[in-house]
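Read the structure below first, then the notes.
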Amino acid sequence: MPGSDPKADLCRYLLAAREALLWKLEGLSEYDIRRPLTPTGTNLLGLIKHLAGVELGYFGATFGRPSAEPQPWFDDDAEPNADMWATAAESREHIVGLYHRAWAHSDATIDALPLDALGRVPHWPDDRSEVTLHRILVHVIAETHRHAGHADVVRELIDGAAGLRKDNDNLAAGDQAWWENQRSRLERVAQEAGRPGQPPTTHESVIVVDHDQ
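So for the sequence shown, my numbering puts the first residue at 97; every next one is plus one.
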């Protein structure tokens, strides 16, 4: 497409996901950003800590550009899942600062290399461990947006705050009463659909939102 810059397009999608994740911390207490809201312990600050390590690895050692940033949760003697939660000694400022430094390291790699530059992911199977910068950009974008979706749900469970980003929530217009009614409506439809031998009899509208805004 005339005027399209593939690398710039990929970087825009990566930055959008990064910023969305950090926005989900705004206005929350130290307790709330660490609260495990799922049976597997998903929490906001842990998602950011995890993604800092993701970027440092995939845009660092993969392309022979390792970061000097300490990541003790990846040591051989670290406990499982240590990168998915922040200890009481790891402050919000420390984890967010780590993520910003990971961005800078990643962006330097992206700026320095062409999209067809070759690297190697040592923990991937041998038949696909050789990668290009383009493939790693797509991989990290996909993972970051996936975890941004996790953060959307966790934040809504904490205090009801929802939306795509600060300047565009990308939600259907409606006040609290409208959303409560909508949730009740969906619950009724789910119960009806779940009754054996009883096909749904109502025709529900579908809200379509464009996330590429």
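C-beta: ideal position from N, C-alpha, C; glycine also. Please read all numbers here as calculations on a predicted model, not as lab measurements.
- Buried or exposed for Tyr127, please, with buried defined as at least 16 other CB atoms from any protein chain shown within 10 angstroms of its CB. exposed
- Residues of its chain near Ile237, where Cβ-Cβ distance is below 6 Å and the 5 sequence neighbours each way are ignored: Tyr109, Leu110
- Task: Have a look at Tyr195 and Arg216 and give me their C-alpha separation to the nearest angstrom.
- Result: 23 Å
- Task: May I have the straight-line CA-CA distance separating Thr183 from His230, to the nearest angstrom?
- Result: 34 Å
- Message: Restricting to Cα atoms, I'd like to know which of Val250, Glu283, Val285, Ala258 is closest to Gln272.
- Response: Out of Val250, Glu283, Val285, Ala258, Ala258 has the C-alpha closest to the C-alpha of Gln272.
- Task: Look up Glu226 in the DSSP assignment and give the residues it is bridged to.
- Result: Arg216
- From which residue to which residue does the alpha helix (DSSP H) around Asp105 run? 102–119
- Query: Is Leu133 helix, strand or coil when you go by DSSP?
  - Reply: Note: Leu133 maps to coil in three-state DSSP.
- Task: Note the first and the last residue of the continuous alpha helix (DSSP H) segment covering Glu283.
- Result: 272–289
- Query: Can you list, in chain order, the residues of its chain whose CB lies under 7 Å from that of Pro162, leaving out five sequence neighbours each side?
  - Reply: Gly156
- Query: Helix, strand or coil: how does DSSP classify Pro292 here?
  - Reply: It is coil, neither helix nor strand.
- Item | Three-state class that DSSP yields for Gly156 in the structure shown | DSSP, read as helix, strand or coil, puts Gly156 in coil.
- Three-state secondary structure (DSSP) at Arg197? helix
- Message: Considering Cα atoms alone, identify which of Arg130, Leu106, Ala268, Glu283 is closest to Asp179.
- Response: Arg130
- Item | Sub-8 Å separation of Ala116 and Leu233 beta-carbons | no
- Tell me whether Asn177 is buried or exposed, calling it buried when 16 or more other Cβ atoms sit within 10 Å of its Cβ. Its Cβ having fewer than 16 others within 10 Å, Asn177 is exposed.
- Message: Which same chain residues end up closer than 8 Å to Val192 when comparing Cβ atoms and leaving out the 5 residues on each side of it in sequence?
- Response: Leu118, Leu121, Ile144
- Task: Reducing DSSP to helix, strand and coil, say where Ser125 ends up.
- Result: DSSP places Ser125 outside both helix and strand once states are collapsed to three, so it counts as coil.
- Query: In three-state DSSP terms, what is Thr138?
  - Reply: coil
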